[in-house]
Amino acid sequence: MTSAASTDDVGRPDTARLLISCPDRHGIVAAVSRLLFEHGANILESDQHSTDPTGGMFYMRMEFALDGLADGGRELERAFAATVAPEFAMEWSISYASVPKRVAILVSREDHCLLDLLWRGRNGELDARIELVVSNHRDVERDVASFGVPFLHVPVTRDTKPAAEAAIVEALAGKVDLVVLARYMQIVSGDFLAAIGAPLINIHHSFLPAFSGADPYRRASERGVKIIGATAHYVTEELDAGPIIEQDVARVSHRDSVAELVRIGRDIERTVLARAVHRHLADRVLVHENKTVVF
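Set out below in structure tokens:
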């Protein structure tokens, strides 16, 4: 459910986003709305979802405006933490739309997703600051420099993988709010995920698990597939099994060559990854078990 007018996801002064997850029960929306009203906030957008009204989990995203948010927001946070949150056993967070999230992008040689995100960032389509691009190859270095974004080359081999991950952790841990794997063709370890201290979003073709590994479009063509697509998901220790944020597909036929399948697939990958990153940055994604609630 969305109340009032939908607002622009790109950050504006004096607006904030409240994310809530808690056991479902009566009175949650009323309590949150009352507290916001008492602090002079105006609710701009409200979305909610219950997995089961009797004994399920409740998820909510509220966007609100508050004059003097820089000071009033902290006071509201303290009041929320002292009253509504403990009453309903909430996990919650407030983010401020005027403070862009810090993003790092990891990439290997394929540049289509990377360049799309850099372009969107430069043109103000992402509520974020792209702080750094890290790659295990130098192929994209000059393109990244043209966007004025720092570039870090960290080569990876089987023997140097632990040292390479340590170097990336040193560059990113505590300095970014999101890491995007924009066709980064390395499997990251559980230790790496824990040390980064920020969520990671990955993009891959949707042939998995049928056509995993090298040259999936050729093998898909050989099998005569009729649909190709892409999946963006959060990264977990279980390979390509994290909660899915966004997906899309396109129909193909026997007339499409392998090169055409690759072209179509790259277009879908760009779009799907951009939508997933955009929704995460706009605080529209909540994780429920191994699924997501996307508002």
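In short: position in the sequence shown from 1, add 8, done, that's the working numbering.
All residues carry an ideal CB built from backbone N, CA and C; glycine is no exception.
Relative to the Cα of E85, the nearest Cα in the group Y104, V37 and R226 belongs to Y104. Scanning its chain for C-beta atoms nearer than 8 Å, with the 5 sequence neighbours on each side dropped, one finds around H145 the residues S116, R117, H161 and P163, in chain order. When secondary structure is reduced to three states using DSSP, F88 falls in the helix class. Between the C-alpha atoms of E277 and A202 there is a straight-line separation of about 26 Å.
When only Cα atoms are considered, V280 and H213 end up about 10 Å apart. Taking the Cα positions, L269 is about 21 Å away from R283.
Runs of beta strand (DSSP E) with 3 or more residues, each lying fully within the stretch 93-163, are found at 99-104, 109-115, 136-143 and 159-161, listed in chain order. Take the alpha-carbon of L43 and the one of D291: they are about 21 Å apart. Annotation note: the stretch 166-214 contains the following uninterrupted beta strand (DSSP E) runs of length 3 or greater, listed N- to C-terminal: 186-189 and 208-213.
Counting along the chain, the unbroken alpha helix (DSSP H) around L269 starts and ends at V266 to L289. One alpha carbon belongs to R82, the other to A89, and they sit about 11 Å apart. Taking C-alpha positions only, V107 is separated from L26 by approximately 14 Å. Where P31 is concerned, the enclosing beta strand (DSSP E) starts and stops at T23 to P31. Judged by DSSP in its simplified three-state form, E230 adopts helix. Residue state for F45 is assigned as helix, using DSSP reduced to three classes. Counting along the chain, the unbroken beta strand (DSSP E) around E254 starts and ends at I252 to R259. By the CB criterion at 8 Å, V111 and E139 fall inside the cutoff.
Of the candidates L134, R130 and D147, the residue whose Cα lies closest to the Cα of D119 is D147. Across the set V92, T239 and P21, the C-alpha of V92 shows the shortest separation from the C-alpha of E46. Annotation: the continuous beta strand (DSSP E) that includes H296 extends over V293 to H296. Distance check between F200 and each of V243, Y225, T165 and A218 places V243 closest, using alpha-carbon atoms only. For G237, the enclosing beta strand (DSSP E) begins and ends at I235 to Y242. Around the beta-carbon of K109, 16 or more other beta-carbon atoms lie within 10 Å, marking it buried.
By the Cβ-count criterion, E245 is exposed, with fewer than 16 other Cβ atoms from all chains shown falling within 10 Å of its own Cβ.
With respect to the 8 Å criterion, F66 and T23 are not classified as neighbours on the basis of their beta carbons. The Cβ-Cβ distance between E254 and A240 falls below 8 Å. In terms of CA proximity to V260, G237 leads the group H57, G237 and D248.
Collapsing the DSSP output to three states places A73 in a strand.
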